[in-house]
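> I'd like to ask you about the structure that follows.
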Amino acid sequence: MLRLTRSTHRRSTLCHYLAARLIVESGNVRRETREISRRALLRKNIANINVQYLSDTEFRNRFRLSKEAFLHLCCELRVKSSLRPSKRISLEHKVLCALSFYATGSYQRIVGMAKCLGQTTVSKYVRQVTDALVTPSILNYFIKFPATLEQRNIIKNKFYTKFGIPGVIGCIDGSHFHIFTPKRDIEHLFYCRKHFYSLNVQMICDSECRIINVNAKYGGATHDAFIWEIVKPIDISRT
């Protein structure tokens, strides 16, 4: 009788264990199914997002670009580069992923805003957009130094009207842009005075803060004065 009781107890325990496992596994399946459905819905919602729903201020705070400039950029990329939409996401939202990364330097905010996009996917989109932006037809369209006397005089007049300074066609400065740690044999060329690895990028902008010239050839260890001296001066003697 005692052996029967123990055997019955073992069978009862086993049945309870198996029932508990079935409940847990059933719950896991339901959660996985819900997660798949949620991600599919998020993908659909993201594909249908209209940037017009964001205020101008909110859009600029998120992406460091006005909505008008963003839409213009997308039009140019569609025509002049190889960037294309995918089945999952539009060209515009690929560009938004890249702009958010450029603004923050982090994938986490993008992944947090759009949980259907993993970090690997976001990284791929950022790379695609970056490659498209450095296409010569895009680069030379958006960044160009005034080539004619008429163009330079227009900029001079705008500088004088806004700031009261005559004869100015551009403001020049340098800025350090973070980069990943370079190879050991050249890392000393990129370690800047602010104690991180960077490119020391020299830029010129016009009176509207539009970049009209960029020099990104030198590592962060290079001093601004050296870049100014070594770079061939732009010939503006005819102005």
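Residues in the sequence shown are numbered consecutively from 1, following the working numbering. Backbone N, C-alpha and C fix where the C-beta goes; we use that ideal spot for every residue, glycine too. Nothing here was measured: the structure is a model prediction, and the numbers come from that model.
For the putative contact between residue 105 and residue 176, defined by C-beta atoms under 8 Å, what is the C-beta separation to the nearest angstrom?
Rounded, the Cβ-Cβ distance is 13 Å, inconsistent with contact.
> Determine the burial state of residue 81: buried for a count of at least 16 other Cβ atoms within 10 Å of its Cβ, exposed for fewer.
That one is buried.
> Could you pull out every residue in the same chain whose Cβ sits closer than 6 Å to the Cβ of residue 224, ignoring the five residues on either side in sequence?
The answer, listed in chain order, is 174.
> Please state the DSSP three-state secondary structure of residue 42.
Note on residue 42: pLDDT 45, under 50, position unreliable in the model; no value is reported.
> Among 99, 201 and 94, which one has its Cα closest to the Cα of residue 121?
For the residues 99, 201 and 94, the minimum Cα distance to residue 121 belongs to 94.
> My guess is that residue 158 and residue 207 are in contact by the Cβ rule of under 8 Å, so how many angstroms apart are they, rounded?
Residue 158 to residue 207, Cβ: 4 Å. Contact.
> Would you check if the distance between the CB atom of residue 154 and the CB atom of residue 204 is smaller than 8 Å?
Taking 8 Å as the Cβ cut-off, residue 154 and residue 204 do not qualify as a contacting pair.
> Mark residue 125 as exposed unless 16 or more other C-beta atoms lie within 10 angstroms of its C-beta, in which case mark it buried.
So residue 125 ends up on the buried side.
> Please tell me whether residue 83 and residue 77 are closer than 8 Å, where the distance is taken between their beta carbons.
In contact: residue 83 and residue 77 (Cβ atoms closer than 8 Å).
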